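Student: Could you have a look at this structure, given as C-alpha cells, before my questions?
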Amino acid sequence: MAVTADARAGEAVPPGAAIAAPPPVAVKGRSLWQDAGRRFMRNRAAVISLTVLVLIVLFTFVGPLFAQWTIEKVDWSVLGAVPQKGYPSIANGHYFGTDSVGRDLYSRTIQGIQVSLTVGVLGSVVAVIVGTLYGAIAGYFGGRLDSAMMRLVDILYSIPYMFILILLLIIFGRSFNMLFVGIGLISWLGMARVVRGQTLTLKNREFVEAAVATGVRPMTIVVRHIVPNLLGIVAVYATLLIPEMILTESFISFLGLGVQEPYTSLGVLINEGSQTMQYGTLWQLGFPLAFFVVILFTFFFVGDGLRDALDPKDR
Amino acid sequence: MITFILKRLAIAIPTLLVLIVISFILMKIAPGSPFTGEKALPKDVLDNIYARYGLDKPEWQQLVEYVWNIVAHFDFGPSFKYKDRSVNDIIAQGFPVTLTYGFWAFIFACLIGITMGIVAAIRQNSWIDYFAIGVTIGGQVVPNFVLAPILVLVFTLWLRWLPGGGWNGGQWPYVVMPVIALATTYMANIARIMRSSMLEVLHSNFIRTARAKGMPGWQVIVKHALKPALLPVVSYLGPVFVGMITGSVVVDLYFSTGGIGQAFVNSALNRDYSTILGVTILLGALTIAGNLVVDVLYAWIDPKIRY
Amino acid sequence: MKLRTILGAAVAVGMLGSTALTAYAAQVPDGTKLAAEQVFKYRVLDNINALDPALVEDVDTAYVVSNLFEGLYMSDAAGDPVPGAAESYTANDDNTVFTFKLRDAKWSNGDPVTAEDFVYGWQRAVDPETASPYSYFLGLVHIANADDIVAGTKPVTDLGVKAIDDKTLEVTLNAPTPWFVRTMAHPTMFATPKKAHEQFGDAWTKPENFVGNGAYTLAENTPGERVVLKRNPGYWDNEHTVLEEVQFLTVNDENQALIRWRAGELDQTDVPVGQYPTLKAELPNETFSVPQFCTYYFNINMTDSAAEPLKDVRVRQALSLALDRDVLVNNVLQGGQQPAYSFVNPNTAGFTMPDLPIAHMTQDERDAKAKELMAEAGYGPDKPLTFEYVYNTSEAHKQIATVAGQMWKEKLGVSLTLSDMEFATLLDLRHKVAYPGLARNAWCGDYNEPSTFLGLYDSKSEQNDSGWNNPEVDKLLKDANSSGNAAEQYKQIEEIAAEEVPIIPVYFYAKVFMQNDDVKGWPYDNVEQTWYAKDLYKVAE
C-alpha cells in the first residue's frame, strides 16, 4: 500500500488550540500527556506564541469595550478625506485609522480577527471530527471497506477543490455559513489519511487485541481505544490546519467571495488594504496584516511545539 | 509497480467523470447563463443562441454529448463567451503560460527551499537557522495577493527593473515576478519540512556511525542523509504541484499573464459553461497525474514501500 | 464588464446634409513634433471577446473591432457621423430608403471592399445560425424584415439591403428613420469579407487569417493578455494615420493598472474610486474627468414580490429624499460625477432636464421631508424599516452601498441588509425582478435620445428591472414614439417617475481616467467615448 504524501504532512504545519484536549480522555495515558505538557512548556517559542495567541483572543473580547465606533458607522468628517483625516489617532477614536469610507478599522479589525479565527477553528474541528472517525473506521476495519473509503478520499483529493469552492460560493452566494461549509468540506481529507495510517499501526497493539478478545464491539473499540490514542497526532494536525484555513479564507476574500458586508475578516481587510497601499493609507493594510501575520506565526510555533512535545521520536 | 500505476489510472477515469458531473450540475444551477448581459436579450435572439450552442436540448443529453465529444474527438466544445475560439484554443493558449511559470516556480521553490532547509538543519540554532526560520515563516504567512502588489510597487514603479504585468511570449522579465509570487509560500513550506526531517536524520544512529567512522561532514550529508531526509519533501510535492495551479489564479489575475487560472475565474464569473468544464477537467487530470508521479517518486526513493 | 452599445443616433439633430462631410483622421497641427515611437497602449478590464463584428457585445471589444473594420459611416470627435467606407449617401424623402456610395477601398488582403461585402455582413448578423447577440440591432434601426429573419420566419436573403453594383448599396427600412446613418458606426453594421469568411470559416478572425478594412490590422490576439493592432498600409486614408501600433492590454486590477500607467507601461487607464482629487492635484495635465452617457441608480422592486414596506410610495420617496447624493458624489466617488434626481442623462441631445422639486431642495429640507414621510407611513424608532440591497462585487459599488446604508440608518432608522454578489447573479435577479428590496443598476444610453433611458420604464421592456407597470407611462412612451417633438411626454414621464419612485437615481457618470500627455487627439467631448486610433497621435515630449 502506498503511504502517501500526507502521512508526513503533520510536519508542515503547527496548530494552536488543541493542547487543551489532553486531560479527561486518557485514563491510562495521563503520564504521557503530563510529559508532553512539560516538554511543551520547555519550548520557549511555543510558550510565548501560545501566550500571544491567548492575548489576541482576549483582545477580541475586551477590545470592543474600548471602541468608540461600531464596525459599520461611517465617520462623516473623515469620509472623502481619508488619507488626510483617517489616520490612526487616539483623539478621534480611530485607533487603527479608518477604511476608505471612514469606518473605524479598530472595530473592524477586531471583528475580522474573530471571523478569521472562527473560520480556522471551526474548519479544523470539522476536520477533526469527520477525519478522525473516517480514518479510524477505515483503518480499523480494513479490507474492502478500507479500500473503498480510501478510494473515495483519493477521488475527492483529485478534485481541484478551490475551483469547486469558487463555484459553490457563486451559486449559493457569499455567507459565513457557506464559507465554513466550503472550507470544512475538504479539510478532513488529509486528516482521514493520517489517522488511517496511525490506526493501522495501533490496531495490532496488545490493548486493542485484549479488547477484541474480551468481546468489545468493534465500533466501541474504535471510539474507546483507537481514537483516544490518536489524539496526539490529531492535535498536531488540527493545529496545523487552522492557519491553512485562515489562509484559504483570505484567498477567497481576495476573489471577492468572502463574508458579507458590513462583516469582515482579516482576509477582506488585507485585500482592501493591499489595494490602497499606493495611496498613502498604509494603516489600512498594516494593522490587519500585522494581526494576520502574528496569528499565523503563533499557530506555527505552537504547532511545532506541540509536535515536538507529542512526537515520541524526539524523546 | 506497473500494476500499481495501471490501477491508479483505472481510478482516474471514474474520478474525472465524477468531477465532470459535479461541475456540470453546479454550473447549471448557478444563477444566470453565459448570455446574461446588462441587457436582457429578446426571446428570438436568445432562442437562436441557445440553438447554436445546443442549450435547447435536454440537460442529460448536453452532458452525454459533451463527454462523448471529449472522448471521441478530444473536443471541449466552443467557448460560450469568447465566441471566435474553442475551449481547446483557450487551453492551448493559457496552459503553456501557467505551465511555464509554474515550472520555474516549482524549480525555484524546490532548490531554494531544500538548500535553505539543509543549511538551517546543519547549522541548527545558529543565526543562519534563525534567519531561515524567519524567512520561511514570513513566506508562509504573507498571502501572495499582498506580496504581488508589493513586488510590483518595488520592481516596476520604484526600481523600474521589471514590467508590472503581461506575458509577452514568456520573455524572462515578464516571468520573474509571477514566479516569485507563486513560489514563496511553497519554498517556505519545503524549507520547513526539509529542515525538520534533516534534523531527524542527522540525529539518527546511522549518521552518527558514519560520522564516527570519520567521514567528512559534507559527504555524510550528501551520501547518507540527503536521500532519507528528502522523503517528506517528496511527499509534499503533490500538494505543491496542485497549489501551483491553484495559486495561478492570483498570479494570473494580478499579472494578467493570460494563464489558465484567469481563464477559469473569468469563465466562472461569465458562466462560460464549456470553458469552466474544460479547465476543471484539465486541472483534475493534472492533479491526478501529479499525485501519481509523487507516489511513484516516493516509492523510488523509499525502497521499503511495496505496491 | 459593463456592457453597452456604442451606437450613436440622435433623432433630434437631423440636419445631416446628404453628402460631403469630410473624413476624419488624426489632425496634427503644423509644426508639431511627433514622437518617434507611435504606439498607443490602452487598458482593458477583461478579455477581448470576439473579433468578428457580428459577435461583438461589449464596449472594449467594440473599440478593438472599430479599429480593425470600418463601417459605412463612423463617428467624429463630437459623435457625429463622418464618411467611412462610404463616401456619400442619399436618402429618399421620407427617410425609408438609403443609398450609399462606397469609396475605392481595399480589404487588408488587397481585395476591393464591395457593397456585396456589406450585404453579406448584415445578412450574417441577422442569420439565426450566426446567433449574434446583437442580431436584434438591425431591427431596432428599422431595416426591413430584420426581425422576421431573426425569428426564423423569413430567409436571410429577404433582408432590406442589396448591392446595386460593386460600389452602391441600397438599404430599405420599414419606418422613417432620419438618424439611420448615425447607426452605421456600430460594429454589427460592419462588412464581412465574404471570400475570407468562406475560406476560413469561424477561424477567419485568427491573426494569420484576418482580413479587415480598418486603419489597423490584427497582429496578435492573446486572450487575457493583449491584442495588438498594426497600421494597415492598404487603408484608403493611410497617409493620415499616425499611430503605428495599438495595444489593448488586459489588466484586471485597476490599482495595478495605475501603477503600470505610472511606470509608463500604459498610455491610458481608469482612475480607481475616490482617487481623482489626489491624482488631479499631482498630475493635472494627465488626469481627466469627462461626462459619460450613463446613469447610476437603484432599482426598487415594484412588483407584488417586493418587501411589504417598499410598496408604500411614501417609503420609496423618503428613501430617495434621504439619500445625500452630494456626499456620494463629492466624498465617495470624487471623480466629477453629477448628482442625479431623474433618470435621463443631462448630456442627451435636445433634452431639457425636468424641473423636479427634489432637485431644488437643500439636503436638510429633503431629510426633514423624508422623516415626515416615514412617520406618516408608520415607521420610526419603534418600528424600524428593514430591507435588502443587492449589488455586484466591486469596490465602488461596495462603498456606495455602505455609505447609503448608513445615511438611511442615521436619518430614517432603516436597517439595510447588504448583499454583495457577483455580476451574473445580480443580472439574473434583476432581469427576473427577483430581489426583495433594492438592486444596483446603471444604464448607458444606446443612442443619443431620451427614450434610450425612459424606454426602460415601459412595462413591456426587457430592461424594466423594477417591474414597474404604469399604463400612463406606457401610453406617453407610445405617444412620444410617434410625435415629432416628444419633449412634453418625456417631461411628464420623469415627473411621474419622481412621484412613484420606481428607481432612485444616484448620479450621472463621468469617465475618470489617466492619459499620458503626449497622447493627442482624444475625443474628450464624445459622451459616448467612441474613439479610433487613427484619430490619435503622440507628440515628442
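Chains as they are written, first to last, in my numbering: chain A, 10 to 324; chain B, -12 to 294; chain C, 839 to 1379.
All C-beta atoms in this analysis are idealised placements derived from N, C-alpha and C, irrespective of residue type, glycine included.
All figures in this text were calculated on a predicted structure; none of them were measured in a lab.
From Asp317/A to Val221/B, what distance separates their C-alpha atoms?
Tutor: Going from the Cα of Asp317/A to the Cα of Val221/B covers about 22 Å.
Student: When you compare the region 178 to 190 of chain B with the region 1078 to 1095 of chain C, are there three or more beta-carbon pairs, one atom per stretch, that lie closer than 8 Å?
Tutor: Flag = no, the region 178 to 190 of chain B and the region 1078 to 1095 of chain C do not touch.
Student: In terms of residue numbering, what span does the beta strand (DSSP E) encompassing Glu1063/C cover?
Tutor: Premise fails: Glu1063/C is in no beta strand (DSSP E) and is neither H nor E.
Student: Pairs of beta-carbons, one from the region 1126 to 1139 of chain C and one from the region 1342 to 1359 of chain C, closer than 8 Å: are there three or more?
Tutor: The answer is yes - the region 1342 to 1359 of chain C touches the region 1126 to 1139 of chain C, with three or more Cβ pairs under 8 Å.
Student: With H, G and I counted as helix, E and B as strand and the rest as coil, what does DSSP make of Val128/A?
Tutor: Residue state, collapsed to three classes: helix.
Student: Note down, in chain order, each residue of its chain lying with its Cβ closer than 7 Å to the Cβ of Gln120/A, except the 5 sequence neighbours on either side.
Tutor: For Gln120/A, where only same-chain residues beyond five positions count, the Cβ hits under 7 Å are Ile80, Tyr272 and Thr273.
Student: Taking 8 Å as the threshold, find out whether the region 1055 to 1069 of chain C comes into contact with the region 1078 to 1091 of chain C through three or more Cβ pairs.
Tutor: With a cut-off of 8 Å, the region 1078 to 1091 of chain C and the region 1055 to 1069 of chain C count as touching, because enough Cβ pairs lie within range.
Student: Tyr96/A CB to nearest chain C CB: under 8 Å?
Tutor: Not closer than 8 Å to any Cβ of chain C, the Cβ of Tyr96/A fails to qualify, so no.
Student: Exposed or buried, which one is Gln1237/C when buried takes at least 16 other CB atoms within 10 Å?
Tutor: Buried: at least 16 other Cβ atoms inside 10 Å.
Student: Would you list, in chain order, the members of the region 892 to 907 of chain C that have their beta-carbon closer than 7 Å to a beta-carbon of chain B?
Tutor: Correct list: Leu893 and Glu895.
Student: Under a CB-based cut-off of 8 Å, is Arg183/A close to chain C?
Tutor: Cβ-Cβ to chain C under 8 Å: yes for Arg183/A.
Student: Are the C-beta atoms of Ile173/A and some chain C residue less than 8 Å apart?
Tutor: Answer no: the Cβ-Cβ gap between Ile173/A and chain C never drops below 8 Å.
Student: Tell whether a beta-carbon distance below 8 Å holds between Ile255/A and Val66/A.
Tutor: No, the pair does not count as a contact, with Cβ atoms beyond the cut-off.
Student: Would you tell me roughly how many angstroms separate the C-alpha atoms of Leu213/B and Gly191/A, rounded to the nearest one?
Tutor: Going by the C-alpha atoms only, they are around 39 Å apart.
Student: Going by Cα to Cα distance, which pick from Val877/C, Tyr1135/C and Pro1025/C is closest to His1235/C?
Tutor: When only C-alpha atoms are compared, the closest one is Tyr1135/C.
Student: Taking 8 Å as the threshold (beta carbon to beta carbon), is Arg153/A in contact with chain B?
Tutor: Taking Cβ atoms only, chain B never reaches closer than 8 Å to Arg153/A, which makes this a no.
Student: Starting from the C-beta of Thr107/A, find all residues in its chain whose C-beta is less than 7 Å away, skip the five residues before and the five after it, and write them out in chain order.
Tutor: Excluding sequence neighbours, Thr107/A sits near Asp84, Val87, Val91, Gly95, Asp113 and Leu114.
Student: Please confirm whether Gly89/A has its beta-carbon closer than 8 Å to some beta-carbon of chain C.
Tutor: Yes, contact with chain C.
Student: Tell me the residue span of the alpha helix (DSSP H) that contains Pro165/B.
Tutor: Trp159 to Leu189 is the extent of the alpha helix (DSSP H) around Pro165/B.
Student: Beta carbons nearer than 9 Å to chain A: which residues of the region 1244 to 1273 of chain C have them?
Tutor: Answer set for the region 1244 to 1273 of chain C: Gln1244, Met1245, Lys1247, Glu1248, Thr1255, Leu1256, Ser1257, Asp1258, Met1259, Glu1260, Ala1262 and Thr1263.
Student: Over the uninterrupted beta strand (DSSP E) stretch that includes Arg1278/C, give me the two end residues.
Tutor: Here the beta strand (DSSP E) through Arg1278/C covers Leu1276 to Cys1282.
Student: Residues in the same chain with beta-carbon distance under 7 Å from Ala943/C, minus the five sequence neighbours each way, listed in chain order, please.
Tutor: Only Ala923, Val951, Asn1051 and Trp1074 meet the Cβ criterion.
Student: Between which two residues does the alpha helix (DSSP H) holding Glu1233/C run?
Tutor: Its alpha helix (DSSP H) spans residues Glu1233 to Leu1250.
Student: Determine the burial state of Phe75/A: buried for a count of at least 16 other Cβ atoms within 10 Å of its Cβ, exposed for fewer.
Tutor: Classification for Phe75/A: exposed.
Student: Using a Cβ-Cβ cut-off of 8 Å, state whether Gln1113/C counts as contacting chain F.
Tutor: The structure shown has no chain F; the protein chains it does contain are A, B and C.
Student: Give me, in chain order, the residues of the same chain whose beta-carbon lies closer than 6 Å to that of Ala1034/C; leave out the 5 immediate sequence neighbours on both sides.
Tutor: The answer, listed in chain order, is Trp1042 and Val1049.
Student: Checking contacts by CB at 8 Å: is Gly312/A closer than that to chain B?
Tutor: With 8 Å as the cut-off, Gly312/A does not count as an interface residue toward chain B.
Student: Just how far apart, CA to CA, sit Val84/B and Asp1004/C?
Tutor: If I take the Cα positions, the gap works out to 46 Å.
Student: Within 8 Å, do at least three Cβ pairs link the region 141 to 159 of chain A to the region 251 to 261 of chain B?
Tutor: Cβ pair count under 8 Å is below three, so no.
Student: Taking Ala250/B as the query, report the chain C residues whose CB atoms sit under 7 Å from its CB, ordered along the chain.
Tutor: Per Cβ cutoff of 7 Å: Gly1062.
Student: Taking the DSSP output, what are the residues bridged to Gly1218/C?
Tutor: Lys1221/C, per the DSSP bridge assignment.
Student: Whose CA, out of Val134/A, Phe172/A, Gln77/A and Gly72/A, lies closest to the CA of Val266/B?
Tutor: Among Val134/A, Phe172/A, Gln77/A and Gly72/A, the Cα nearest to that of Val266/B belongs to Phe172/A.
Student: Just mark Ala1378/C as buried or exposed, buried being the case when its beta carbon has 16 or more other beta carbons within 10 Å.
Tutor: Exposed.
Student: By the 9 Å beta-carbon criterion, what residues does the region 268 to 299 of chain A contribute toward chain C?
Tutor: Against chain C - using a Cβ distance shorter than 9 Å - the residues of the region 268 to 299 of chain A are Gln269, Glu270, Pro271, Glu281, Ser283, Gln284, Thr285, Met286, Gln287, Tyr288 and Gly289.
Student: Of all Cβ atoms in chain C, is any one closer than 8 Å to the Cβ of Ser109/A?
Tutor: At least one chain C Cβ lies under 8 Å of Ser109/A.
Student: Can you tell me where the beta strand (DSSP E) with Tyr1347/C in it begins and where it stops?
Tutor: Here the beta strand (DSSP E) through Tyr1347/C covers Ile1341 to Gln1353.
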